[in-house]
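Okay, so here's the structure we're looking at.
Residue numbers (the numbering used here), protein chains in the order written: chain U, 1199 to 1534; chain E, 1199 to 1534.
Structure follows, in structure tokens:
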């Protein structure tokens, strides 16, 4: 059973734990400071396929297959997979996981998708309806760049606030077994929109959503940042990370000692010329699975909030003069 | 608690019931045979907004607002809304529901989205994490046509197997209260792909997914079509409806007496020149909320399977030579 705490905030009473997880990343992510933590580095940006979209599907299939292999189980043992990506109509997910024949729930949470998938799959297990699930997501620099910005061959200049979409995927297998890293609570994000319309400054657009979600979870659970080892955001980048701390400080919440951001960690922004850092669904998913979950599993970290952030605009909505709505979903991990 | 029956198939033991529902449809849907059943008909295809995408958002906002008004509750009483649509990055949902400030879970299940949303929200309530949810989805003829096919002003000829994307939205509010129409079980769909690549013949692409899901639910629950008053598919249209029955007959399952299809019912295909019928996320959602749920609520129908179908391709995946993967999620409704 889960316990209702407040609107969109809940606590999980029964064990829902990671049984396995896997991360697969591209060459540039492999060359970054977290490169050694990923399970697999794929040097070929096409991953042996003909198009970048097919390559992204392959990243996702590989992450799920690896998570299953690491668990020692078979795909028939997985009752549901929750997945989404940034490509129009989420084809990275649908084509990537098509051959697995695992019951499939498609999500669209932009770069917040891995946290959304973890919230949903943990509650599906908690209900008893399914026994074992996988939450997975992916992004690919080349599929995102041509869809959201400009054709790669155009060679457009990137602004100082721009982020670099990660080529990566991360998959988390959950079950009711004990022993892994537990999910003990969560907060479903609300859509926030502070009026930012600059597609090259996504960190600023997403920071208010992260601040709102973190604040709401802390308030509902009666906890403070000092109760946690880490408060991790998804892909705010360096500008967005400064902003989220500032927004929370103004409300009396200081997360500066606990905060880290997957997007700010995955690249060496100066050496790799990645401006404000990494982004994309695969950014927070691969950093969670490659870097943070192993530290939780080993007990190095014990109590962690993970708030992945997503920007819910499209190129068309911006062309139509809209601003960028964003969202952050929060997952509370604990190792006992 | 939910009971696990088989991979992706479950039974709900506690009450999870409709507390309210609403349907909003466009002029052409209003002129069709089900026109009198929808809560609201919006004659203006722009719904007072400047673009069709904004109009689709308005349809979704109206359906959710109406469902809340009909319940006598406030938006603060809703703990989570699950929503998705067909527009790239699901902007129909994100911009439509932005102002509500209800915790938001974005889905992408193409035209199966209302069933996917009902499965997820029913299990969220069942877990105890949330008390009251809304599942909603929308589609708009003009947003879909220019995105998936050709600009409207191009005036392309439509093939005999083509379907007409409905301009409509449907929203279902669920809670743990008794008294409404109960959701007593469900089946999470698997991705099926029989190699169809004709974007103007979506019914044929989706029929195998519907057949697989219906067969799997019947087998897992040990029931036969005669146990149900209706077996409803989402938007197979007339060609797909013939196919799903044929596919199931070959496996010894005859649904011909119980089967009906929202896409085949919403238009008078001859008079309205809609070829094989209606389609789109809003098709099955509005027909469920406008036509079937009231019949269940009144006891006219008592035991119904609702399997909404979705095609998970994109224009780009087809340009890259891919076939059309499809999916069907099944919700089992009962009135006691």
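Idealized CB from N, CA, C, for every residue including glycine.
All values reported here derive from a predicted model rather than from experimental measurement.
* **Residues that residue 1458 of chain U bridges to, as DSSP identifies them** => Your numbering for residue 1458 of chain U matches position 260 in the first chain. Paired residue(s): U:1430.
For residue 1388 of chain E, count the other beta carbons within 10 Å of its own beta carbon; 16 or more makes it buried, fewer makes it exposed. Which is it? The count along the second chain starts at 1 and reaches residue 1388 of chain E at position 190. With 16 or more other Cβ atoms within 10 Å, it is buried.
Contact residues within the segment 1342–1358 of chain E, judged by C-beta distance below 7 Å to chain U = none
Counting only Cβ-Cβ distances shorter than 8 Å, please list the residues of the segment 1456–1482 of chain E near chain U, keeping chain order. none
* Asked: Start and end of the alpha helix (DSSP H) containing residue 1267 of chain E?
  -> Locating residue 1267 of chain E in the second chain gives position 69, counting from the first residue. Run containing residue 1267 of chain E: 1250–1269, per the alpha helix (DSSP H) assignment.
Problem set entry | Option in E:1365, E:1501 and E:1416 with minimal Cα separation from residue 1446 of chain E | Within the second chain, numbered from 1, the residue matching residue 1446 of chain E stands at position 248. The candidate whose alpha carbon is nearest that of residue 1446 of chain E is E:1416.
inquiry  = Pull the bridge partners of residue 1505 of chain E from the DSSP assignment, please.
reply    = As a working note, residue 1505 of chain E is residue 307 in the second chain. In DSSP, residue 1505 of chain E forms a bridge with E:1431 and E:1528.
To the nearest angstrom, report how far apart residue 1346 of chain E and residue 1512 of chain E are at their CA atoms. As a first step, residue 1346 of chain E must be located in the second chain, where it is residue number 148. As a first step, residue 1512 of chain E must be located in the second chain, where it is residue number 314. Those two C-alpha atoms are separated by around 7 Å.
message: Measuring CB atoms only, is the segment 1494–1506 of chain U touching the segment 1246–1266 of chain U, in the sense that at least three cross pairs come out at less than 8 Å?
response: Contact between the segment 1494–1506 of chain U and the segment 1246–1266 of chain U is absent, with fewer than three C-beta pairs closer than 8 Å.
Kindly list the residues whose CB is nearer than 7 Å to the CB of residue 1500 of chain U, restricted to its own chain and excluding five residues on each side of it in sequence; keep chain order. Position 302 of the first chain holds residue 1500 of chain U. Result list for residue 1500 of chain U: 1427, 1532 and 1533, in chain order.
Do you know whose CA, among E:1466, E:1524, E:1456 and E:1370, lies nearest residue 1408 of chain E's CA? Taking the second chain and counting its residues from 1, one reaches residue 1408 of chain E at position 210. Here the closest residue by C-alpha is E:1524.
* Tell me whether the beta-carbon of residue 1484 of chain U lies closer than 8 Å to the beta-carbon of residue 1236 of chain U. => Against the first chain, residue 1484 of chain U aligns to sequence position 286. Against the first chain, residue 1236 of chain U aligns to sequence position 38. Result yes, Cβ atoms of residue 1484 of chain U and residue 1236 of chain U sit closer than 8 Å.
For residue 1457 of chain U and residue 1535 of chain U, the rounded distance between their alpha carbons: Residue 1535 of chain U lies beyond the stretch modelled for chain U, which goes from 1199 to 1534, so this question has no answer here.
Open item on the list: Would residue 1290 of chain U and residue 1251 of chain U be called neighbours here (beta carbons separated by less than 8 Å)?
Closed with: Taking the first chain and counting its residues from 1, the one referred to as residue 1290 of chain U is at position 92. Taking the first chain and counting its residues from 1, the one referred to as residue 1251 of chain U is at position 53. In contact: residue 1290 of chain U and residue 1251 of chain U (Cβ atoms closer than 8 Å).
Report task. Could you run through the segment 1288–1311 of chain E and flag, in chain order, every residue whose CB is less than 9 Å away from some CB of chain U? Result -> Residues of the segment 1288–1311 of chain E with a Cβ closer than 9 Å to any Cβ of chain U, in chain order: 1288, 1289, 1291, 1292, 1293, 1295, 1296, 1297, 1298, 1299, 1300, 1301, 1302, 1303, 1304, 1305, 1306, 1307, 1308, 1310 and 1311.
task = Work out the CA separation of residue 1470 of chain E and residue 1400 of chain E for me, nearest whole Å.
result = If you number the second chain from 1, residue 1400 of chain E lands on position 202. If you number the second chain from 1, residue 1470 of chain E lands on position 272. Whole-angstrom Cα-Cα distance: 19 Å.
**Asked** Exposed or buried, residue 1358 of chain U, counting other C-beta atoms within 10 Å across all chains shown (16 or more means buried)?
**Response** One-based indexing of the first chain puts residue 1358 of chain U at position 160. So residue 1358 of chain U counts as exposed.
| said: For a contact defined as C-beta to C-beta under 7 Å, what are the partners of residue 1415 of chain E on chain U? | reply: As a first step, residue 1415 of chain E is located in the second chain; it is residue number 217 there, counting from the start. Result: empty, since nearest Cβ-Cβ is about 11 Å, beyond 7 Å.
Cα separation between residue 1259 of chain U and residue 1332 of chain U?
As a working mapping, residue 1259 of chain U is identified with position 61 in the first chain. As a working mapping, residue 1332 of chain U is identified with position 134 in the first chain. Between residue 1259 of chain U and residue 1332 of chain U, the C-alpha separation is close to 12 Å.
* Given a threshold of 16 other Cβ atoms within 10 Å of its Cβ, counted over all protein chains shown, does residue 1433 of chain U qualify as buried or as exposed? -> Here residue 1433 of chain U refers to the residue found at position 235 of the first chain. With 16 or more Cβ atoms within 10 Å of its Cβ, residue 1433 of chain U is classed as buried.
Note down the Cα distance separating residue 1444 of chain E from residue 1313 of chain E, rounded to an integer number of angstroms. For the purposes of this step, residue 1444 of chain E is taken as the residue at position 246 of the second chain. For the purposes of this step, residue 1313 of chain E is taken as the residue at position 115 of the second chain. Taking the straight line joining both Cα atoms gives about 23 Å.
Which residues mark the beginning and the end of the alpha helix (DSSP H) in which residue 1479 of chain E is found?
Stepping through the second chain from its first residue, residue 1479 of chain E is reached at position 281. Residue 1479 of chain E -> alpha helix (DSSP H) spans 1479–1485.
Quick one, are the C-beta atoms of residue 1277 of chain E and residue 1207 of chain E less than 8 Å apart? Here residue 1277 of chain E is taken as the residue at index 79 of the second chain, counted from 1. Here residue 1207 of chain E is taken as the residue at index 9 of the second chain, counted from 1. Going by C-beta atoms, residue 1277 of chain E is not nearer than 8 Å to residue 1207 of chain E.
Review point. Taking buried to mean at least 16 other C-beta atoms within 10 Å of its own C-beta, is residue 1420 of chain E buried or exposed?
Key: Start at 1 with the first residue of the second chain, and residue 1420 of chain E comes out as number 222. Its Cβ having fewer than 16 others within 10 Å, residue 1420 of chain E is exposed.
Report task. Select from U:1517, U:1342 and U:1411 the residue whose C-alpha is nearest the C-alpha of residue 1204 of chain U. Result -> Within the first chain, numbered from 1, the residue matching residue 1204 of chain U stands at position 6. Nearest option by C-alpha distance: U:1411.
Practice prompt. Evaluate residue 1496 of chain U with the Cβ neighbour count: other Cβ atoms within 10 Å of its Cβ, from every protein chain shown; 16 or more gives buried, anything less gives exposed.
Written response: The count along the first chain starts at 1 and reaches residue 1496 of chain U at position 298. Exposed: under 16 other Cβ atoms inside 10 Å.
Q: Kindly indicate if chain E contains any beta-carbon less than 8 Å away from that of residue 1531 of chain U.
A: The sequence position of residue 1531 of chain U within the first chain is 333, counting from 1. Judged by the 8 Å Cβ criterion, residue 1531 of chain U is not in contact with chain E.
- Message: I'd like to check one pair, residue 1479 of chain U with residue 1337 of chain U: are the Cβ atoms closer than 8 Å?
- Response: As a first step, residue 1337 of chain U is located in the first chain; it is residue number 139 there, counting from the start. As a first step, residue 1479 of chain U is located in the first chain; it is residue number 281 there, counting from the start. In contact: residue 1337 of chain U and residue 1479 of chain U (Cβ atoms closer than 8 Å).
*asked:* DSSP three-state label for residue 1245 of chain E, please.
replied: The count along the second chain starts at 1 and reaches residue 1245 of chain E at position 47. Of the three classes helix, strand and coil, the one that applies to residue 1245 of chain E here is coil, per DSSP.
Q. Quick one: is residue 1452 of chain U near chain E, going by C-beta distance under 8 Å?
A. Within the first chain, the letter at position 254 stands for residue 1452 of chain U. Cβ-Cβ to chain E under 8 Å: no for residue 1452 of chain U.
For residue 1482 of chain E and residue 1309 of chain E, believed in contact at Cβ under 8 Å, the rounded distance: Translated into positions along the second chain, residue 1309 of chain E becomes position 111. Translated into positions along the second chain, residue 1482 of chain E becomes position 284. Yes, they are in contact, since the Cβ atoms of residue 1309 of chain E and residue 1482 of chain E sit about 7 Å apart, within 8 Å.
Endpoints, the beta strand (DSSP E) within which residue 1394 of chain U is located
For the purposes of this step, residue 1394 of chain U is taken as residue 196 along the first chain, with counting starting at 1. Note, residue 1394 of chain U: premise wrong, no beta strand (DSSP E); not H, not E.
Can you tell me whether residue 1286 of chain U is buried or exposed? The criterion is at least 16 other CB atoms within 10 Å of its CB, across all chains shown.
Taking the first residue of the first chain as position 1, residue 1286 of chain U is located at position 88. That one is buried.
What are the complete alpha helix (DSSP H) segments, minimum 4 residues, inside the segment 1302–1363 of chain U?
-> 1311–1325 and 1339–1346
request  = Pick out the complete beta strand (DSSP E) segments inside the segment 1401–1451 of chain E, 3 residues or longer, and give them in chain order.
outcome  = Segments of the beta strand (DSSP E) lying fully in the segment 1401–1451 of chain E: 1428–1431.
Chain U contact for residue 1327 of chain E (CB, 8 Å cutoff): Residue numbering aside, residue 1327 of chain E sits at position 129 when the second chain is read from its first letter. Closer than 8 Å: yes.
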